[in-house]
Amino acid sequence: MYKIQTLDRISSKGLDNFPRDDYEIASEIVKPDAILVRSHDMLSMELDPSVKAIARAGAGVNNIPFQELAQKGVVVFNTPGANANAVKELVIMSLHLASRPVIAANKWVDTLKGKGAEIAGLAEKGKKDFIGSELKGKTLGVIGLGAIGAQVANTAVELGMKVIGYDPFLSVDAAWSLKSEVKHAETLDSLYSKSDYITVHVPETPDTKGLINASTLKSMKDGVKIINIARGGLVNNEDVLAAINSGKVSCMVTDFAADELLGNEKVICMPHLGASTPEAEENCAVMAVKELRDFLEKGKINNSVNFPKTYLDSPIPAGGTRLCISNKNVSGVVSKFTSVLGEAKMNIASIVNQSRNDLAYNLIDVDHKVDDATLEALREIEGVINVRPIFA
0 MYKIQTLDRI SSKGLDNFPR DDYEIASEIV KPDAILVRSH DMLSMELDPS
50 VKAIARAGAG VNNIPFQELA QKGVVVFNTP GANANAVKEL VIMSLHLASR
100 PVIAANKWVD TLKGKGAEIA GLAEKGKKDF IGSELKGKTL GVIGLGAIGA
150 QVANTAVELG MKVIGYDPFL SVDAAWSLKS EVKHAETLDS LYSKSDYITV
200 HVPETPDTKG LINASTLKSM KDGVKIINIA RGGLVNNEDV LAAINSGKVS
250 CMVTDFAADE LLGNEKVICM PHLGASTPEA EENCAVMAVK ELRDFLEKGK
300 INNSVNFPKT YLDSPIPAGG TRLCISNKNV SGVVSKFTSV LGEAKMNIAS
350 IVNQSRNDLA YNLIDVDHKV DDATLEALRE IEGVINVRPI FA
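Numbering (numbering that gives the first Met the number 0), first residue to last: 0 to 391.
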């Protein structure tokens, strides 16, 4: 019986994918095997040594100390792409909000309440103060062409926009998903200089923090519009406000409210609505549950932020064992695994070894049930972090 702890409200559509005969799920649970989380702050949380994995039902993992947990052999998963459509739709809406002053127009129309038959005439007369522009024919610069950025780029093409994308780490799958009309920018400066609108879709890291700043703003067109539905720290708010005052930036739409941004008529703030749809929450929960089940039942790792993608296509041999071993990424460790198993007269049916930075992860199928003495011998190998058997 696997034990799953939930730290937030998780969609029942996801939780229903746990077979209740094999899984116990609760918000308060003793010695959980894995944790499901959304926004709960885990940065200072003490985890029981029983925890083998954490799945975040969302893309960002800034509430989880995933690098520290990697050193303890705890695999952290996220759900990239599960909320992509919800975020894409908000970005497209933001492009429209940056182009047409519908919020200001709505507020003004509200002031006409009580004027009765005069409203139609007053509205017709007042609409001249709320002129906007069309998206068609304008150039959108998309920074980051992952699951969300690619969808934004493709939809913008369908709206008649010219689209330039920049992503030095563009995956093959993402490249195949892009429409041919999306043009590739060799550098960020090239994208900045050509774009009427700029939207960012990259994770917040030390390298990307403050990506939009006083220096990069100088490379942009006068009157550029900034869209940030990704992470608040990607934009230096003070620098953008200065650029708004100078006319360099004509509007910013952000999903990350901050005191300095509020009350500025050229800044539209939203309260982190990116994935706030029931559909996105369901998709994220379903993906997170699948990731945990694949890991706990098969040792498979996919969409981890701190461990390499690793899997074996073949089933665990009948009567055998699948060994899931985490270790420091140093030479000679795998040969020590095979030596220990050889001394125990265990025949290896399949083996895969993958590494990521200073960590490695191994799946080894043997055709016998591995005994406690052999498991202990594997754990005592220098550099090994943990060893978990899955019995057929």
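Virtual Cβ for every residue (Gly too), placed ideally from N, Cα, C.
Between the options, which lies nearest to residue i when the distance is taken from Cα to Cα?
| i | options | result |
| --- | --- | --- |
| residue 167 | 229, 47 and 143 | 143 |
| residue 80 | 127, 128 and 148 | 148 |
| residue 131 | 101, 123, 138 and 55 | 101 |
| residue 226 | 326, 266 and 345 | 266 |
| residue 311 | 25, 305, 91 and 323 | 323 |
| residue 8 | 64, 337, 55 and 160 | 55 |
| residue 244 | 368, 189, 71 and 260 | 260 |
| residue 21 | 31, 0, 387 and 135 | 0 |
| residue 29 | 3, 350 and 52 | 3 |
| residue 72 | 160, 335 and 48 | 48 |
| residue 99 | 264, 298 and 304 | 264 |
| residue 294 | 45, 46, 10 and 50 | 50 |
| residue 146 | 176, 381, 191 and 23 | 176 |
| residue 154 | 84, 35, 270 and 127 | 84 |
| residue 182 | 170, 359, 161 and 201 | 161 |
| residue 338 | 361, 325 and 380 | 380 |
| residue 138 | 157, 18, 60 and 104 | 157 |
| residue 39 | 191, 61 and 18 | 61 |
| residue 364 | 384, 388, 357 and 377 | 388 |
| residue 397 | 366, 70, 327 and 52 | Past the edges of the chain, shown from 0 to 391, lies residue 397, and the structure says nothing about it. |
| residue 392 | 57, 368 and 110 | Outside the displayed span of the chain (0 to 391) sits residue 392, for which this structure offers no information. |
Would you mind sorting residue i into buried or exposed? The rule is 16 or more other CB atoms within 10 Å of its CB.
| i | result |
| --- | --- |
| residue 43 | exposed |
| residue 37 | buried |
| residue 150 | buried |
| residue 320 | buried |
| residue 118 | exposed |
| residue 262 | exposed |
| residue 272 | exposed |
| residue 277 | exposed |
| residue 309 | buried |
| residue 112 | exposed |
| residue 26 | exposed |
| residue 106 | exposed |
| residue 205 | exposed |
| residue 394 | Nothing about residue 394 can be read from this structure; the chain reaches only from 0 to 391. |
| residue 280 | buried |
| residue 330 | exposed |
| residue 254 | buried |
| residue 336 | buried |
| residue 302 | buried |
| residue 172 | exposed |
| residue 290 | buried |
Does residue i come out as helix, strand or coil in the three-state DSSP assignment?
| i | result |
| --- | --- |
| residue 277 | helix |
| residue 140 | strand |
| residue 369 | coil |
| residue 191 | helix |
| residue 364 | strand |
| residue 215 | helix |
| residue 303 | strand |
| residue 390 | strand |
| residue 334 | helix |
| residue 347 | strand |
| residue 249 | strand |
| residue 315 | coil |
| residue 239 | helix |
| residue 244 | helix |
| residue 10 | coil |
| residue 230 | coil |
| residue 329 | coil |
| residue 201 | coil |
| residue 358 | strand |
| residue 210 | coil |
So with Cβ pairs under 8 Å, would you call residue i a contact of chain D?
| i | result |
| --- | --- |
| residue 308 | Among the chains in the structure shown there is no chain D, since it carries only a single protein chain. |
**Asked** Taking contact to mean at least 3 C-beta pairs separated by less than 8 Å, is the region 208–217 in contact with the region 225–241?
**Response** Touching, per the Cβ criterion.
**Residue ranges of each beta strand (DSSP E) within the region 102–188, 3 or longer** = For the region 102–188, whole beta strand (DSSP E) runs of length 3 or above, ordered along the chain, are 138–142 and 161–165.
**Asked** What are the start and end residues of each continuous beta strand (DSSP E) run of 3 or more residues lying completely inside the region 251–300, in chain order?
**Response** Fully enclosed beta strand (DSSP E) runs of 3 or longer: 266–268.
**Asked** Is the region 215–231 close to the region 248–261, with three or more CB pairs under 8 Å?
**Response** Counting Cβ pairs under 8 Å, three or more are found: they touch.
**Prompt:** Counting Cβ pairs, one atom from each stretch, are 3 or more of them under 8 Å apart for the region 190–205 and the region 119–129?
**Reply:** Result no; under three Cβ-Cβ pairs closer than 8 Å.
**Request:** For the region 5–14 and the region 274–288, state whether three or more C-beta atom pairs, one from each stretch, are separated by less than 8 Å.
**Result:** A contact between stretches requires three or more CB pairs, one per stretch, nearer than 8 Å, and the region 5–14 meets this requirement with the region 274–288.
**Item:** Continuous beta strand (DSSP E) assignments of at least 3 residues falling wholly in the region 20–107
**Value:** Fully enclosed beta strand (DSSP E) runs of 3 or longer: 22–25, 33–36, 52–55 and 74–76.
**Item:** Meets three-Cβ-pair contact criterion under 8 Å: the region 342–353 and the region 363–375
**Value:** Touching, yes.
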